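Peer 1:
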Amino acid sequence: MKTLILTTATLALTAGMALADGHGKTVRMGTEGAYPPYNFLNDAGEVDGFERELGDELCARAELTCEWVTNEWDSIIPNLVSGNYDVIIAGMSVTDERDEVIDFSEQYTLPDPSAYLAASADVDLEGGVIAAQANTIQASFIASSGAVLVEFATPEETVAAVKNGEADAVLADKAFLSELANADPDLMLLEQNVMIGGGIGLGLRESDTELKEKFNVAIRSMKEDGSLNALIGKWLPDLEQF
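Heads up: the sequence shown begins at 7 in the numbering used here, then just goes up one per residue.
1) Let me make sure I understand the geometry here. Which of A189, S227, V93, N85 has the alpha-carbon closest to that of V33?
2) Would you mind sorting N170 into buried or exposed? The rule is 16 or more other CB atoms within 10 Å of its CB.
3) Go through its chain and collect everything with a Cβ distance to C65's Cβ below 7 Å, but skip five positions before and after it.
4) When the Cα atoms are used, what is the spatial distance from A127 to M194?
5) Given a cut-off of 8 Å, decide if D109 and L234 are closer than it, judged by their beta-carbon atoms.
6) Is it right to say G97 is buried, meaning 16 or more other beta carbons lie within 10 angstroms of its own, or is it exposed?
7) Just the Cα atoms here: how many angstroms apart are S146 and L60?
8) Excluding sequence positions up to five away, which residues of its chain have a Cβ less than 7 Å from the Cβ of I143?
9) Between the beta-carbon of I95 and the beta-carbon of M35, is there less than 8 Å?
10) Using alpha carbons as the reference points, say which of A175, Y114, N45 lies closest to L221.
11) Enumerate in chain order the residues of its own chain whose CB-to-CB distance from R226 is below 8 Å, with the five nearest sequence positions on each side excluded.
12) Would you identify the three-state DSSP class for I246, choosing helix, strand or coil?
Given below as structure tokens:
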């Protein structure tokens, strides 16, 4: 971990120089594009969802121009630090471990409970095989429990593991799993919820303090005028609002 922090910090100093001051500056918004309703690719192949609408509005209020970039989750932090984009907006919960490598804006959602999705209610969550996406707070939680963790690169693969019997259940954000449970009669949300990590924020390089403050001002203004809660109600109706 110390090696990772030193490496990423060095890269951040270099990459952060690329973001110059200026009205209307183009800011590259990095997202996964595979985690509905937070972010996904629509039928036209464009980034869509809660974070697309939120990101566009934040950029407008900060007088910045958004340019959307998709990146696999497993390398989303290293590619931010190395300068492939300027902001992570990808359903990323704020954690102490991540905060050692990157910086975070103010949270734009309150913590979303994690939930289990399974093919039946009769699942051994303490000693069974539980799937999670790699490098997530859910994977860390399972690894520290008595269950057997199986990790996958994408959220779709975690659900497929349950459907094909490779895993007994998948643990992920409840907002993501709820839509799947409603759409698939062979899957169900279990009653157990787990609170892991904090709310979700924008990820930024630690050197980009001015950009962070611009987004913080925009996030605060959306909280104050109710527009952030309106977006949460539209895309994440079961999530607690500000």
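Ideal Cβ placement from N, Cα and C applies to all residues, glycine included.
Note that the structure is a prediction, hence the values are computed from the model and not measured.
Peer 2: Taking the definition as stated:
1) V93
2) exposed
3) V33, T71, C72
4) 8 Å
5) no
6) Classification of G97: buried, given that the 10 Å Cβ count is 16 or more.
7) Rounded to whole angstroms, S146 to L60 spans 28 Å at the Cα level.
8) S99, T101, I202, G203
9) Yes.
10) Per the sequence shown, residue 221 should be read as Phe rather than Leu. Here the closest residue by C-alpha is Y114.
11) E112
12) According to the sequence displayed, residue 246 carries Glu and not Ile. Looking at E246 - three-state DSSP - the assignment turns out to be coil, as it is neither helix nor strand.
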